[in-house]
């Protein structure tokens, strides 16, 4: 009996320890002015946060990152950042990555109509908005899309090729 119980505990510990996880040294419960958009009436620094992940699912061939605000008053939310074709041996994006260009990693169009990171900018006086930072472990190295791909198209490809995903949640109100 002891052997079976120990085996179950050991197996559960291994499974739990292998959870795909997204972390950040910069994100807390609330976004700061550093992650707030500079435009549309907002006056932030518009700098993407540092993100790191661990324990991707077996078979991961690349990663993608998205930042989404489901509370935007659009009827369809707001895509703030879409990054894909991140090589499978990359486990971190530094602060400011979303404000730079990369040859191998693609940052496609956001709902701001631009590529790269677009920070939080909810309407003045609106309710608190949720900003969901998500990393996707994908079963494909290259999505076959370019930086002009719209968020819905990238989302379709991400959902088609996702092995697992992990998210962080932060809030912002102005």
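Numbering (our numbering), first residue to last: 1 to 174.
Don't be surprised by glycine CBs; every beta carbon is placed ideally from N, CA and C.
Identify whether residue i lies in helix, strand or coil by the three-state DSSP scheme.
i	result
residue 2	With a pLDDT of 44 at residue 2, under the threshold of 50, the modelled position of that residue is not reliable, and the figure given next carries that caveat. DSSP places residue 2 in helix when its eight states are reduced to three.
residue 151	helix
residue 14	Confidence in residue 14 is poor, its pLDDT being 42 and thus under 50, which makes the residue's placement too unreliable to answer from.
residue 40	coil
residue 103	coil
residue 158	helix
residue 166	strand
residue 23	strand
Is residue j closer than 7 Å to residue i when the C-beta atoms are compared?
i	j	result
residue 23	residue 52	yes
residue 81	residue 37	no
residue 70	residue 164	no
Might you give, ordered along the chain, the residues of its own chain that have their beta carbon closer than 6 Å to the beta carbon of residue i, omitting 5 neighbours on each side?
i	result
residue 141	61 and 62
residue 8	Interpretation of residue 8 is limited by its pLDDT of 37, a score under 50 that renders its predicted location unreliable; no figure is taken from the coordinates.
residue 84	64, 106 and 143
residue 93	51
residue 245	For residue 245 there is no data in the structure shown, the boundaries of the chain being 1 and 174.
residue 149	108
residue 157	143
Could you tell me the boundaries of the beta strand (DSSP E) in which residue i lies?
i	result
residue 83	78-87
residue 67	62-69
Report all residues from its chain with a CB closer than 8 Å to the CB of residue i; omit the five preceding and five following residues, and keep chain order.
i	result
residue 124	41 and 174
residue 31	119, 120, 131, 170, 171 and 172
residue 86	62, 63, 64, 65, 93 and 105
Tell me which residues share the same chain as residue i and place their Cβ nearer than 7 Å to its Cβ, disregarding the 5 neighbours each side in the sequence.
i	result
residue 96	47 and 48
residue 19	55
residue 115	107, 108, 109 and 147
Which residue's Cα is closest to the Cα of residue i: the options?
i	options	result
residue 74	126, 99 and 25	126
residue 108	172, 122 and 152	152
residue 162	172, 81 and 136	136
residue 78	165, 101, 155 and 160	155
residue 139	128, 159 and 122	159
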